[in-house]
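Asks:
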Amino acid sequence: MLHIKDLHANIDGTEILKGLSLDIKPGEIHAIMGPNGSGKSTLASVLAGNEDYEITGGSVTFGDKDLLDLSTEDRAREGLFLAFQYPVEIPGVSNINFLRTAVNEIRQYKGEEPMSAGDFLKLVKERSALVELDGKLANRSVNEGFSGGEKKRNEVFQMAMLEPKLAILDETDSGLDIDALKIVAQGVNAMRSPERSFVVITHYQRLLDYIVPDFVHVLYKGKIVKSGSKELALELEARGYDWIKEEVSA
Amino acid sequence: MAYAGDDELLEHVTGKEYEFGFTTNIESDKAPPGLNEGTIRLISQKKNEPEWLLEWRLEAFRIWSEMVEPEWAHVQYEKPDFQAISYYSAPKKKAQLNSLDEVDPELRRTMEKLGISMEEQKRLSGVAVDFVLDSVSVATSFKEKLGELGIIFCSMSDAVQEHPELVKKYLGSVVPKTDNFYAALNSAVFTDGSFCYIPKGVRCPMELSTYFRINEAGTGQFERTLVIADESSYVSYLEGCTAPSRDENQLHAAVVELIALDHAEIKYSTVQNWYPGDENGKGGVFNFVTKRGICHLRSKISWTQVETGSAITWKYPSCILKGDHSVGEFYSVAVTNKRQQADTGTKMIHIGKNTNSTIISKGISSGYSQNSYRGLVQINKSAKNARNFSQCDSLLMTDHCGAHTFPYIEVKNSSAKVEHEATTSKIGEDQIFYCLQRGISEEKAISLIVNGYAKDVLNKLPMEFAVEAQKLLAISLEGSVG
Amino acid sequence: MMTTETVNVQDEKKSAFLGSISSAFQGAETYATLRKSAWDTLSKFAIPGTKTEAWKYTRVGKVINHSWMKSHGNSQINLPEIAIGGLRYVFVDGLFRADLSDELTYPGLNIRRTGENAENNLLGTLSNHQGDWFEALNAAFFNDGLVIEVDKNAQIDRPVHLVFFTSEENTASFSRNVLSLQESSSLHVFTHYIGSEHSTFSSVVTEAFVGKNAALKIDKIQEGNETAFHHVDWTKQDRDSRFDITTVTLKSSWVRNDLNIRVAGENCHSSLTGAYLPSGKEHVDNHTMVDHMVPNCESDEKYKGIVRENATAVFNGKVFVRPDAQKTNAFQQNANIVLDDTATMFSKPELEIYADDVKCSHGSTTGQFDEEAVFYLRARGIGEVMARKLLVEAFLADVITTLSDERLQTYCTEKIQQLMHS
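Protein chains in written order, with my numbering: chain F, -5 to 244; chain D, -3 to 478; chain G, 7 to 428.
Laid out in structure tokens, this is it:
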């Protein structure tokens, strides 16, 4: 579904991704871990199409499309979803209106009719329940005045609404207490399917107790330096990253 | 709740050029260009006006002749040649209309293009529309129903004939002939407008609405509106403006006077989208309007405006808070694009005790436009415990435009509290990116963000108007971020 | 922006005023070109009145309806002592007094009297003598002042302490200063304007040039009694420089301050603070303008005032961001307390912005003392007089503490308390 090959990316002239490769098949969950500054969030931003980053080499295909050729919104319409680490506030724009716009633009892209107001509201009700999001939040402005946990739950709720092929969760667990973490994980798990893949970017093994990955990768200095099963996450939790760093420099 | 028409708006962000840029071919009865005492006598005579009104006009003309066109606003334009304007233009086929079927079919089509099909308006929203094409009121609806409540809602010309005592008492009482250059000009040559009187204790059951439109090439429009809310009454008045595109500049110098007597409340909403001119600043309407209301004891006047049109806007809907405990409000969204120039804001003059005013102004500049907020908050010695809060925000869409804030704060009372805040910033790139990542196009993203930014003001508009206003914002900002 | 209307009819008042000034101040031979241009402005434009936007709230009769003389320059005066260890240079009624001043030499500094020897080529390059009538008046008639140059890399360890003293009845004084800081130098200037019990007029124009990476701090204290002050500061900042100025107007019958900053190099910081507390029939007008000409600069402005007893205060602050000045951060705040109904406050904070990627904000508040705070203090056993004293001090504190020297802060705080309780 997603093939990243030897990806290089710069920001302000500094190379952050230095030849990253990753293969994701439908239905798989990949966890990407790594120390601060290793390029985890850069990877998420680059895949979503953030223009602050300059791609200097490599290729990314998504389905049968060259992802790097697509605009940000077309990537989203093709089914790539990014749950932001720091979701932005958009004052005055209600969550519900925002989502309705997104849903219908994506449907239009696929040549489908706009969703009727009734069906849309039904879906909102159903999907917001997945993350135990208060119905009132749907009518508030996008992320405005939301607590940290509510913002993250809102990201997962949006994911559930847009039904992407690939969802990238960028440190969706950071700053969450255990109850909120469980809710977020529960939302993600409910969305698992043989066609849908996930990339879970995280610092902590904790999240992976609830969202069980098929693969765990360690990103360090802009490259995947080690890959393994979910046991690798436990090892990282126990031993930290120093041994990886040593392995790399050795 | 999600506010009105979000969804409908989004389905309508499709218009390309000025939507109402068309003209209607109706024969007009038009005065030769030029302005002198003779012109004024002609207007007055055509309208069969009483002697006192003719005298009033002539005095205004004498005052105007002595005045100089003001230059303090932050706008640049070629001054109109007041002698080249035709000051009277009335559709020739004026007939007594008993129903819409009698309206000239050509005119009907115009109305339909404007989206104000009267049947539909009547049926769906209960809005009584006093439709003004150029300067003469052509059709007035709901008159009878309002009549039962003692509400007078008619053209200014009819009011002069039928309610001269009210007109004589209040005309010029809030905006005197001497007020300013354009108000003096209007007083001398106004041809028509709307008149509204709500009797004591009556709550007007529907939104009163007038649509203005400049139709005749080279015709200046000088509307005169007078709204009187008698003691303890309430009225919500809507004014909408559209104009066809023209190459030459057109002058619009209206005067609106509001009188809120003790315990009365007037809500006056405007959506203005006069033709703004093309990308190069050619054409477009000059909008030099004087709007002012006076508040008596415990009364309230609320101005809400959405300004997206006109090449030049010079407009400061104001409140004189004369009565104790009176309240003045001003909510404004002003969008400028292309080469538009807007200098708009309000004046809150606090005279009575415990008077309160609120100003919320949201400016949005795009293209090569200049958008200025200019506001006066004046707390006089007598205005004990007066309060004002002003919030003036500016949003910049491109790096060629300008956003300016010129507040004047004058405080002469020690118990007053005046707060003014202003911010100027760029549209958030991170917000746009967030929308894009959710599959929303850039154009829609901007429309969403801008409508969100202006929401505090749009929420103050009556439902039907909010929808139109949101459409207008989207249309006005098309292609503005590059 | 010049809005003064051209005069077609001979303005009698103007010609009487200019006539008496020119006969008193004739004879200056230096800066002929500048003076000629200034004189053109004076002749061409009317005296600023209500229709001149920049003078909308300030009447100029106090200066104009007066026949001013030039001082003889030998008055005996008692200088108030504010010992801040500065290099002190004293002007009395506009003329330099070597007998009261330190030597005009100091390591790293090059100090001359304005107009002495060669003309200074910076003088007149910033001040708007072609637009502003009162600046033109100064340009046409100034006859003394200092040019202070700071050498490259010189960090001047002693403040320069300028005293402008007016004493002799009915005298006008026109002074002109230039401060020029070379690259990576720093200087602190304390300017003390002291007026007298007699009617006098003090016009001082200072043009400051802050070089690359240089830092200039100016502390201005104005106490004038019956003196009318017109003080103009123009500053031009080169890249990476810092300019801080604090203006405290303690007392004066008529004050008009014009502070104009041109931020002409990137990565500059500018800070402007001011405090004023007019009472009686005093009139204080602070006009400021920060002109952001280039990207990546920040400016921070805060003016605070307490207005009472028939006094009038005017604040007109403009932040101007030019089309190229992206990433400008500009902040402006004006806060006022109006103590009684005979006092008047005019506040006009302006933003004029032509670049889009900026963060600019301003706020203006006008109100009264927080009575709840007064009550709270009283409930803790603090008497009402003391409570108000504390609140005055607290209100003005964030301006007063920007004065660079603690002794100046103490001086102002004490004066403010005396003034508030006299």
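A virtual CB, placed ideally from N, CA and C, is assigned to each residue, including glycine.
Since residue 374(D) sits in a beta bridge, which residues does DSSP pair it with?
Replies: On the second sequence, residue 374(D) is found 378 positions in, with the first residue counted as 1. The partner list for residue 374(D) (beta bridge, DSSP) reads 345(D), 406(D).
Asks: In the DSSP output, which residue or residues are listed as bridge partners for residue 299(D)?
Replies: As a first step, residue 299(D) is located in the second sequence; it is residue number 303 there, counting from the start. Looking at the DSSP assignment, residue 299(D) forms a beta bridge with 264(D), 326(D).
Asks: Spatial neighbours of residue 308(D) within its chain, please: CB distance less than 7 angstroms, with the 5 preceding and 5 following residues excluded, ordered by chain position.
Replies: Locating residue 308(D) in the second sequence gives position 312, where the first residue counts as 1. Close CB contacts of residue 308(D) within its chain, under the 7 angstroms cut and outside five residues either way in sequence, are with 71, 73, 282, 283, 337 (chain order).
Asks: Roughly how many whole angstroms lie between the Cα atoms of residue 328(G) and residue 335(G)?
Replies: The residue you call residue 328(G) lines up with position 322 of the third sequence. The residue you call residue 335(G) lines up with position 329 of the third sequence. Per the coordinates, the alpha-carbon of residue 328(G) lies some 13 angstroms from the alpha-carbon of residue 335(G).
Asks: Going by DSSP, what residues sit across from residue 355(D) in a beta bridge?
Replies: On the second sequence, residue 355(D) is found 359 positions in, with the first residue counted as 1. 326(D), 386(D), per the DSSP bridge assignment.
Asks: What three-state label does DSSP hand residue 270(D) in the structure shown?
Replies: Taking the second sequence and counting its residues from 1, one reaches residue 270(D) at position 274. Looking at residue 270(D) - three-state DSSP - the assignment turns out to be coil, as it is neither helix nor strand.
Asks: In three-state DSSP terms, what is residue 351(G)?
Replies: As a position in the third sequence, residue 351(G) is number 345, starting the count at 1. In the structure shown, residue 351(G) sits in a strand (DSSP, three-state: E or B).
Asks: Please list the terminal residues of the continuous alpha helix (DSSP H) segment that includes residue 60(D).
Replies: For the purposes of this step, residue 60(D) is taken as the residue at position 64 of the second sequence. First-last of the alpha helix (DSSP H) with residue 60(D): 47 to 62.
Asks: Okay, do the segment 151 to 160 of chain G and the segment 180 to 188 of chain G touch, 3+ Cβ pairs below 8 angstroms being the bar?
Replies: yes
Asks: Select from the segment 333 to 360 of chain D all residues with a C-beta closer than 9 angstroms to any C-beta belonging to chain G, and list them in chain order.
Replies: none
Asks: Pull the bridge partners of residue 365(G) from the DSSP assignment, please.
Replies: Residue numbering aside, residue 365(G) sits at position 359 when the third sequence is read from its first letter. Answer by DSSP bridge pairing, in chain order: 421(D), 335(G).
Asks: Are the CB atoms of residue 239(G) and residue 256(G) nearer to each other than 8 angstroms?
Replies: Here the question's residue 239(G) lines up with position 233 in the third sequence. Here the question's residue 256(G) lines up with position 250 in the third sequence. The answer is no: Cβ separation not under 8 angstroms.
Asks: Less than 8 angstroms between CB atoms is the rule here; does residue 426(G) satisfy it with respect to chain D?
Replies: Working through the third sequence from its first residue, we reach residue 426(G) at position 420. Output row for residue 426(G): interface = no.
Asks: When you compare the CB of residue 216(G) with every CB in chain D, is at least one pair closer than 8 angstroms?
Replies: Taking the first residue of the third sequence as 1, we reach residue 216(G) at position 210. By this cut-off, residue 216(G) is not an interface position.
Asks: Have a look at the DSSP bridge pairing and note the partners of residue 221(D).
Replies: Residue 221(D) sits at position 225 when you count from the first residue of the second sequence. Residue 221(D) pairs with 252(D).
Asks: How is residue 397(D) classed by DSSP in three states: helix, strand or coil?
Replies: Here residue 397(D) refers to the residue found at position 401 when the second sequence is read from its first residue. Correct three-state label for residue 397(D): coil.
Asks: Output needed for residue 163(F): all residues of its chain with C-beta closer than 6 angstroms, excluding positions within five of it in sequence on either side, in chain order.
Replies: In the first sequence, counting from the first residue as 1, residue 163(F) sits at position 169. Within the same chain, residue 163(F) has close Cβ partners 77, 194.
Asks: Is it the case that the segment 368 to 380 of chain G contacts the segment 423 to 436 of chain D, given that we only count it when at least three CB pairs across the two stretches are under 8 angstroms?
Replies: no
Asks: May I ask you to list, following chain order, the residues of the segment 141 to 160 of chain D that have a beta carbon less than 8 angstroms from some beta carbon of chain G?
Replies: Listed in chain order, the positions of the segment 141 to 160 of chain D with a beta carbon within less than 8 angstroms of a beta carbon of chain G would be empty, since no residue qualifies.
Asks: Please give the ranges of any beta strand (DSSP E) in the segment 298 to 344 of chain G, keeping only runs that are unbroken, at least 3 residues long and fully inside the region.
Replies: 304 to 313, 318 to 327, 335 to 344
Asks: With a threshold of 16 other CB atoms inside 10 Å of the CB of residue 161(F), please say whether the residue is buried or exposed.
Replies: By one-based count along the first sequence, residue 161(F) stands at place 167. Flag for residue 161(F) reads buried.
Asks: Express the C-alpha separation of residue 142(F) and residue 128(F) in angstroms, rounding to a whole number.
Replies: Within the first sequence, numbered from 1, the residue matching residue 128(F) stands at position 134. Within the first sequence, numbered from 1, the residue matching residue 142(F) stands at position 148. Roughly 14 angstroms between the two C-alpha positions.
Asks: Under a three-way DSSP split, which group does residue 241(G) fall into?
Replies: Numbered from 1 along the third sequence, position 235 holds the residue referred to as residue 241(G). Correct three-state label for residue 241(G): strand.
Asks: So, is the C-beta of residue 427(D) closer than 8 angstroms to a C-beta in chain F?
Replies: Residue 427(D) sits at position 431 when you count from the first residue of the second sequence. Interface residue, yes.
Asks: Do residue 273(D) and residue 311(D) have their beta-carbon atoms positioned less than 8 angstroms apart in this structure?
Replies: Here residue 311(D) refers to the residue found at position 315 of the second sequence. Here residue 273(D) refers to the residue found at position 277 of the second sequence. The answer is no: Cβ separation not under 8 angstroms.
Asks: Name the chain D residues that come within less than 8 angstroms of residue 183(F), Cβ to Cβ?
Replies: Working through the first sequence from its first residue, we reach residue 183(F) at position 189. Those within 8 angstroms of residue 183(F) in chain D number zero; the least Cβ separation is about 22 angstroms.
Asks: Who does residue 187(G) pair with in a DSSP beta bridge?
Replies: Locating residue 187(G) in the third sequence gives position 181, where the first residue counts as 1. Assignment of beta-bridge partners to residue 187(G) by DSSP yields 156(G), 216(G).
Asks: Figure out for me which residue from 368(D), 349(D), 222(D) has the closest Cα to the Cα of residue 68(D).
Replies: By one-based count along the second sequence, residue 68(D) stands at place 72. Among 368(D), 349(D), 222(D), the Cα nearest to that of residue 68(D) is on 368(D).
Asks: Compare the C-beta of residue 225(F) with all C-beta atoms of chain D and state if any pair is closer than 8 angstroms.
Replies: For this step, residue 225(F) is matched to residue 231 along the first sequence. Nearest CB-CB separation between residue 225(F) and chain D: not below the 8 angstroms threshold.
Asks: Nearest CA to the CA of residue 343(G): which residue from 323(G), 397(G), 333(G), 64(G)?
Replies: The sequence position of residue 343(G) within the third sequence is 337, counting from 1. Of the candidates 323(G), 397(G), 333(G), 64(G), the one whose C-alpha sits nearest the C-alpha of residue 343(G) is 397(G).
Asks: Spatial neighbours of residue 352(D) within its chain, please: CB distance less than 6 angstroms, with the 5 preceding and 5 following residues excluded, ordered by chain position.
Replies: Numbered from 1 along the second sequence, position 356 holds the residue referred to as residue 352(D). Contacts found: 323, 383.
Asks: Give the straight-line distance between the Cα atoms of residue 237(F) and residue 203(F), rounded to the nearest whole angstrom.
Replies: As a first step, residue 237(F) must be located in the first sequence, where it is residue number 243. As a first step, residue 203(F) must be located in the first sequence, where it is residue number 209. Cα to Cα, the separation comes out at about 23 angstroms.
Asks: Should residue 362(D) and residue 397(D) be called a contact, given that it needs their Cβ atoms to be closer than 8 angstroms?
Replies: Residue 362(D) sits at position 366 when you count from the first residue of the second sequence. Residue 397(D) sits at position 401 when you count from the first residue of the second sequence. Cβ atoms of residue 362(D) and residue 397(D): closer than 8 angstroms.
Asks: Counting pairs of Cβ atoms below 8 angstroms between the segment 181 to 195 of chain D and the segment 216 to 233 of chain D, do you hit three or more?
Replies: With the rule of 3 Cβ pairs closer than 8 angstroms, the segment 181 to 195 of chain D counts as touching the segment 216 to 233 of chain D.
Asks: Applying a beta-carbon distance threshold of less than 8 angstroms, which residues of chain D neighbour residue 350(G)?
Replies: For the purposes of this step, residue 350(G) is taken as the residue at position 344 of the third sequence. Near residue 350(G) (Cβ distances below 8 angstroms), the residues of chain D are 406, 407, 408.
Asks: Just how far apart, CA to CA, sit residue 216(F) and residue 241(F)?
Replies: On the first sequence, residue 216(F) is found 222 positions in, with the first residue counted as 1. On the first sequence, residue 241(F) is found 247 positions in, with the first residue counted as 1. Approximately 15 angstroms between the Cα atoms of the pair.
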